[in-house]
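Below you'll find the structure, written out as structure tokens, and then a few comments.
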Amino acid sequence: MMTELSLNVLDVAQNSVKAKATLIKVAVESDFEKDLMKIVISDNGCGMDEQQLSAVCDPFYTTRTTRKVGLGVSFFKLAAESAGGEFSITSEKGVGTTTTATFQISNIDRMPLGDMTATMHSLITLNTGIDFVYEYRVDDKSFTLDTREFREILDGVPFDVPEVSEYIREYLASNKEEVDCGKIL
Amino acid sequence: MKSLEELKAIREKMQGKVGFRKEEAEGIRVVVGMATCGIAAGARPVLNAFVEGVAQAGLNDKITVTQAGCIGLCQYEPIVEIIEPGKDKITYAKMTPDKAKEVIEKHLKGGQVVAQYTLSM
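Chains V and U, in that order, are what the protein sequence lines are. Each residue of the first sequence is one higher than the last, beginning at 1316 in this note's numbering. Each residue of the second sequence is one higher than the last, beginning at 56 in this note's numbering.
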């Protein structure tokens, strides 16, 4: 079991990486009026057929060969459903996959969102060949990070050189602070 | 709010330097297991500690920190493998950010394997 929702995001997004996605979108939206947090991870990877899609929430299903259980998606589903939320995956072979989890913000069993900055920073700097679009929203405030924009400015300088990596971390951290005013979600 | 101007300034500074792309085949690789088992056991802070420690030590041109999936030893996660060309692969088990710092100092900088953290099979 994960201790933060942001760790679930890191884990589930690895599935998109393995699906050879070239663009992964992550959105985290909190609406306090509706008492609803929504996390969406979508990719343009290889997608799943119907048989795989129906098995994906089964903890004893995995495409791996190193072990016999596949808990990533099951953990995320459990986190949503135990916090008054819902979970769904839609996928189309050759088009991509979208994973959506919702949570009742005030639910006592909702895990904290945790360090989304660390999750996005890790994803971006470890998968420098993949583009990420990250949207973070709290009520009517939001920010978006689009690595395609960064890539164009950087003109060949990779995301994992220390100066750029540090810039990305600060970009995520300072914009997050502006959106949620330091509130712990 | 960070401006994109800052990013342009970084590009101009970096483009003046040659060879920020290291030769992958020659350097040391630090591989952190980042599958569900690794993440649940605390691989993200361990990975961060390696990325930051290597950058602080100015070793980015020699050492690459990357991620891997599950190698089937979930009970020993977070697992970190250090792969140096011409040497045996060293596998560290049950890592923490503090142990990572020690490994950076002693192993990556000093060349001495921190034997008590390695996985002996």
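Glycine included, C-beta positions come from ideal geometry on N, C-alpha and C.
Residue-chain proximity (residue i, chain U), Cβ-Cβ < 8 Å
i	result
arginine 1382(V)	yes
serine 1331(V)	no
aspartate 1495(V)	no
phenylalanine 1457(V)	In the sequence on display, residue 1457(V) carries serine and not phenylalanine. No, no contact with chain U.
aspartate 1326(V)	yes
glycine 1360(V)	no
valine 1453(V)	no
phenylalanine 1390(V)	yes
tyrosine 1486(V)	yes
glycine 1387(V)	yes
glutamate 1450(V)	no
valine 1479(V)	yes
leucine 1322(V)	yes
serine 1489(V)	yes
methionine 1316(V)	yes
Residues bridged to residue i (per DSSP)
i	result
glutamate 1344(V)	Lys1353(V), Arg1452(V)
tyrosine 172(U)	Paired residues: none, contrary to the question.
glycine 88(U)	Ala123(U)
glutamate 1407(V)	Gly1411(V)
glutamate 1481(V)	None, per the DSSP bridge assignment.
alanine 116(U)	Note on identity: in this sequence residue 116(U) is aspartate, with alanine being the wrong assignment. In the DSSP output, where bridge partners are listed per residue, aspartate 116(U) has none listed.
alanine 136(U)	Residue identity check: residue 136(U) is glutamate in the sequence provided, not alanine. DSSP, once it has assigned bridges, lists Val86(U), Thr146(U) as partnering glutamate 136(U).
isoleucine 159(U)	Partner(s): none; isoleucine 159(U) has no beta bridge.
alanine 1416(V)	Ile1354(V), Phe1402(V)
threonine 1337(V)	Threonine 1337(V) pairs with nothing; no bridge assigned.
Residue i and residue j closer than 8 Å at C-beta
i	j	result
valine 86(U)	valine 135(U)	yes
glutamine 122(U)	leucine 102(U)	yes
asparagine 1490(V)	methionine 56(U)	yes
glycine 1387(V)	asparagine 1330(V)	yes
alanine 1394(V)	leucine 1325(V)	no
threonine 173(U)	threonine 146(U)	yes
glycine 82(U)	isoleucine 118(U)	yes
valine 1384(V)	tyrosine 1451(V)	no
isoleucine 159(U)	valine 120(U)	no
glycine 88(U)	alanine 104(U)	no
serine 1397(V)	proline 1374(V)	no
asparagine 115(U)	valine 1476(V)	yes
glycine 1429(V)	leucine 1351(V)	no
C-beta neighbour in chain V for residue i, strict 8 Å
i	result
glutamate 61(U)	yes
threonine 146(U)	no
lysine 142(U)	no
arginine 99(U)	yes
leucine 114(U)	no
isoleucine 83(U)	no
lysine 57(U)	yes
isoleucine 118(U)	no
alanine 96(U)	no
alanine 110(U)	yes
alanine 90(U)	yes
is_contact[residue i, chain C] using C-beta, thresh 8 Å
i	result
leucine 1500(V)	Given the protein chain composition of this structure (V and U), no chain C is represented.
Decide yes or no for the touch test of the stretch 1359 to 1369 of chain V against the stretch 1433 to 1447 of chain V: beta carbon pairs closer than 8 Å, at least 3 of them.
Output reads no: the stretch 1433 to 1447 of chain V does not touch the stretch 1359 to 1369 of chain V.
If you measure beta-carbon to beta-carbon, which residues of the stretch 1364 to 1379 of chain V are closer than 7 Å to chain U?
Shown in chain order are the members of the stretch 1364 to 1379 of chain V whose Cβ falls below 7 Å from a Cβ of chain U: Arg1379.
Is there contact here, the stretch 1326 to 1336 of chain V with the stretch 1407 to 1423 of chain V, by at least three beta-carbon pairs under 8 Å?
With a cut-off of 8 Å, the stretch 1407 to 1423 of chain V and the stretch 1326 to 1336 of chain V count as touching, because enough Cβ pairs lie within range.
Does the stretch 78 to 93 of chain U come into contact with the stretch 1457 to 1469 of chain V, if we say contact requires no fewer than three beta-carbon pairs (one atom in each stretch) closer than 8 Å?
No, the stretch 78 to 93 of chain U does not touch the stretch 1457 to 1469 of chain V.
Meets three-Cβ-pair contact criterion under 8 Å: the stretch 1444 to 1451 of chain V and the stretch 1373 to 1389 of chain V:
At 8 Å Cβ cutoff, the stretches do not touch.
Which residues, in chain order, does the stretch 1394 to 1428 of chain V contribute to contact with chain U at a C-beta distance below 7 Å?
For the stretch 1394 to 1428 of chain V, the set of positions with a beta-carbon nearer than 7 Å to some beta-carbon of chain U is empty.
When you check each C-beta in the stretch 150 to 174 of chain U against every C-beta of chain V, which residues fall closer than 7 Å?
Against chain V - using a Cβ distance shorter than 7 Å - the stretch 150 to 174 of chain U contributes no residues.
Any C-beta of chain U within less than 9 Å: which residues of the stretch 1459 to 1476 of chain V qualify?
Look at the stretch 1459 to 1476 of chain V: the residues with a C-beta under 9 Å from a C-beta of chain U are Glu1464, Phe1465, Ile1468, Leu1469, Asp1470, Gly1471, Val1472, Pro1473, Asp1475, Val1476.
For the stretch 59 to 75 of chain U and the stretch 1350 to 1364 of chain V, state whether three or more C-beta atom pairs, one from each stretch, are separated by less than 8 Å.
Result no; under three Cβ-Cβ pairs closer than 8 Å.
If contact means a Cβ-Cβ distance below 8 Å, which residues of the stretch 124 to 140 of chain U contact chain V?
Among the residues of the stretch 124 to 140 of chain U, those with a Cβ less than 8 Å away from any Cβ of chain V are Gly124, Cys125, Ile126, Gly127, Cys129, in the order of the chain.
Interface residues of the stretch 1432 to 1446 of chain V facing chain U [CB-CB below 9 Å]:
Within the stretch 1432 to 1446 of chain V, the residues whose Cβ lies closer than 9 Å to some Cβ of chain U are Ala1433, Thr1434, His1436, Ser1437, Thr1440, Leu1441, Asn1442, listed in chain order.
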